[in-house]
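Beneath this line is the structure, given in structure tokens, with notes to follow.
In my numbering, the protein residues as written are 3 to 68.
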């Protein structure tokens, strides 16, 4: 399954725990905060001034690693 910008952070972390390292690398250290749970990947990228395409590429790269 590919991670998409509309997906919620909580959903992504539950399905793919190894993505936490990507969130932290992009200074999204509050991935375990209750406020992050319902936030979409796109919303987080906008709030933190991230390049959404680059961020999604990194998340999907980690998910595809064996």
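Heads up, the beta-carbon is just placed ideally off N, CA and C, and yes, glycines get one too. A quick note: this is a predicted structure, and the numbers were derived from the prediction, not measured.
Tell me the DSSP secondary structure of residue i in three-state form.
i: residue 2; result: With the chain represented from 3 up to 68, any question about residue 2 goes unanswered, as that position is not in the structure.
i: residue 7; result: coil
i: residue 22; result: helix
Given a cut-off of 8 Å on the beta-carbon distance, is the pair residue i and residue j in contact?
i: residue 20; j: residue 42; result: no
i: residue 5; j: residue 61; result: yes
i: residue 28; j: residue 52; result: yes
i: residue 54; j: residue 44; result: yes
i: residue 49; j: residue 18; result: no
Taking residue i as the reference, which of the options has the closest Cα?
i: residue 33; options: 65, 11, 66; result: 11
i: residue 36; options: 63, 67, 23, 13; result: 13
Based on the DSSP output, what are the partners of residue i in its beta bridges?
i: residue 42; result: 10
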